[in-house]
Amino acid sequence: MTTHAAILGCSGLTLTAEERAFFTDVQPWGFILFKRNIDAPDQVRALVEALRATVGRPDAPVLIDQEGGRVQRLGPPHWRRYPPGRAYGVLPEPQGREMAQLGARLLAHDLAALGINVDCLPVLDVPQAGAHDVIGDRAYAATPEGVADLGRAACEGLIEGGVLPVIKHMPGHGRAGVDSHLKLPVVDAPLEELEAVDFAPFQALADMPMAMTSHVVYTAVDSRHPATTSRAVHTKVIRGAIGFDGLVMTDDLSMKALGGDFTSRARKSLAAGCDMVLHCNGDMAEMRGVIAGTRPLAGPAARRAKAALARVARPLAPFDVNAARARFDAGFEGRWTP
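The numbers in numbering that gives the first Met the number 0 rise by one with no breaks, and the one at position 226 of the sequence shown is 225.
Here is the structure:
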C-alpha cells in the first residue's frame with residue numbers, strides 16, 4: 000500500500016473505530032503521542048501496537064516529545080522526571096556532556112520499553128536575551144558551541160538506546176519574540192549573525208537522521224514565509240548552508256503560526272522542501288485536510304526516511320539501567336531535584 004508523507008496523532012488512550020479505518024486507508028508514515036494518549040505502561044504499549052497494526056509495519060515510527068523539564072509527555076507515577084536541557088549546561092565539563100548522554104540513554108530505555116522509537120530531542124535552539132521563553136531552559140546552553148556539544152551527546156545516548164533523535168527547531172527558534180504555537184515569529188537578525196549563532200548547532204549536527212523545522216520567518220532569507228513553508232530557507236539554509244541531508248519534518252501543522260487551511264499548509268510545506276508533514280492534535284477533520292495536501296512518500300524523501308530508520312543498530316549493547324540511574328542521580332546531586 001502507498002505510504003503518505005505524514006505523521007499523525009490520535010485522540011485518546013485507545014484508537015476509535017474511525018481512527019483505525021482512517022489510518023489503514025491513508026497509511027501515514029508514522030504517529031506521534033501526547034499526554035492525552037498516556038496513562039500507564041501497558042496502555043501505551045497497546046496503543047503503540049494498535050497504531051502500527053493499522054499500517055501493517057512493525058517498525059513504523061512512533062514519536063514523542065520527551066525532553067525533560069517542561070516538555071515531558073511521560074511522567075510520574077509510572078515514569079521518572081528528567082531535567083530540562085539547561086540543567087546539563089550548568090554542569091562542569093566533561094560532566095555535563097556525560098550526563099546529557101546518560102540522560103538520553105535513560106530516556107531511550109523508557110521509550111523503547113513502550114515500543115516508541117523516535118524522540119523529538121534534542122532542542123538545538125540558541126536562546127537570546129529578550130526572546131520569548133517558549134525555548135528558555137529547554138536550551139542546553141547560551142552559546143552555539145555548548146548547544147551543539149550537549150545536543151550531540153543527547154543524540155548519541157538516544158541512538159545507543161534504540162531510539163532515533165529529531166534535531167529541532169531547524170534552523171533556529173532561539174530569537175523568536177513570540178510563541179509559534181500562538182503567533183508567527185519574525186526574526187530580523189542579519190544573515191551573518193544567524194549563520195554564526197542560530198544555524199551553527201544544526202550545521203554541527205547535520206549528520207543526524209531527522210530534523211524538525213521552525214515556524215519562524217527569517218527576513219534575511221525570506222521575508223514572507225516561515226522556514227517550514229519557505230523554499231528559500233530549505234534550499235539556501237537547511238540543504239545549503241547547514242548541509243542537512245536527513246529527513247526534514249514540519250513542526251506541528253496545527254500551530255497558529257501558520258495560516259490557511261490544513262490542505263494548503265501540508266501542500267506548501269512539501270512544496271517548500273519538507274519530506275514529511277507532522278500533525279499532532281488528533282482532530283479527524285484537520286487530519287483529513289492534511290492528507291488531502293500530502294503526497295505519497297517517494298523519491299529523495301523515501302530514501303531519507305529509509306536511511307533514518309536504519310540508523311539504529313541491532314542488537315543494542317547491554318545496559319544496566321539501575322546502575323545508570325544511580326550514576327545519573329549522583330551526577331546531579333545538589334544541582335537538580337526530580
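Cβ atoms here follow ideal geometry from the backbone N, Cα and C, with glycine treated the same way.
Out of Val162, Arg137, Ile166 and His214, state which residue places its alpha-carbon closest to the alpha-carbon of Gly84. Ranking Val162, Arg137, Ile166 and His214 by Cα distance to Gly84 puts Arg137 first.
Residues in the same chain with beta-carbon distance under 6 Å from Asp109, minus the five sequence neighbours each way, listed in chain order, please. When the five nearest sequence neighbours on each side are left out, the beta carbons in the same chain lying within less than 6 Å of the beta carbon of Asp109 are those of Trp78, in order along the chain.
Looking only at C-alpha atoms, which of Gln71, Arg69 and Val61 sits nearest to Cys9? Nearest of Gln71, Arg69 and Val61 to Cys9, Cα basis: Val61.
Which residues mark the beginning and the end of the alpha helix (DSSP H) in which Thr23 is found? For Thr23, the enclosing alpha helix (DSSP H) starts and ends at Ala16 to Val25.
I'd like the list of long-range same chain contacts for Ala205, defined as Cβ closer than 7 Å, with 5 residues on each side in sequence excluded. Taken in chain order, the residues that qualify are Ile241, Gly242 and Phe243.
Local Cβ density within 10 Å of Ala112, reported as buried at 16 or more and exposed below that: Here Ala112 is exposed, its C-beta having fewer than 16 other C-beta atoms within 10 Å.
Apart from the five residues on each side of it in sequence, which residues of its chain come closer than 6 Å, Cβ to Cβ, to Glu376? This structure cannot speak to residue 376, because the chain is shown only from 0 to 337.
Pull up the DSSP beta-bridge partners for Gln356, would you. This structure leaves residue 356 out entirely; the chain is present only between 0 and 337.
Going by beta-carbon coordinates alone, are Leu163 and Val47 separated by less than 8 Å? Result no, Cβ atoms of Leu163 and Val47 do not sit closer than 8 Å.
For Ile63, the nearest candidate out of Met211, Ala175 and Gly239 (CA to CA): Minimum Cα distance to Ile63 is reached at Met211.
Beta-carbon spacing of Ser179, Met254 below 8 Å: Contact: yes.
From Gly55 to Ala307, what distance separates their C-alpha atoms? Approximately 19 Å between the Cα atoms of the pair.
Touching by the beta-carbon criterion (3+ pairs, under 8 Å), the region 31–45 and the region 276–283: Taking a cut-off of 8 Å for Cβ pairs, the region 31–45 and the region 276–283 touch, as three or more such pairs fall below it.
Assign Ser222 to one of two classes, buried (16 or more other C-beta atoms within 10 Å of its C-beta) or exposed (fewer than that). Burial call: exposed.
In this structure, does DSSP put Tyr87 in helix, strand or coil? When secondary structure is reduced to three states using DSSP, Tyr87 falls in the helix class.
Between the beta-carbon of Thr218 and the beta-carbon of Gly272, is there less than 8 Å? Taking 8 Å as the cut-off, the beta carbon of Thr218 is found no closer than this to the beta carbon of Gly272.
Those residues which DSSP pairs with Thr212 across a bridge: According to DSSP, residue pairing for Thr212 in a beta bridge involves Met169.
Assumed close pair Leu105, Met98 - CB separation to whole angstroms, cut-off 8 Å: Your pair Leu105 and Met98 does not check out as a contact, with CB atoms roughly 10 Å apart and the cut at 8 Å.
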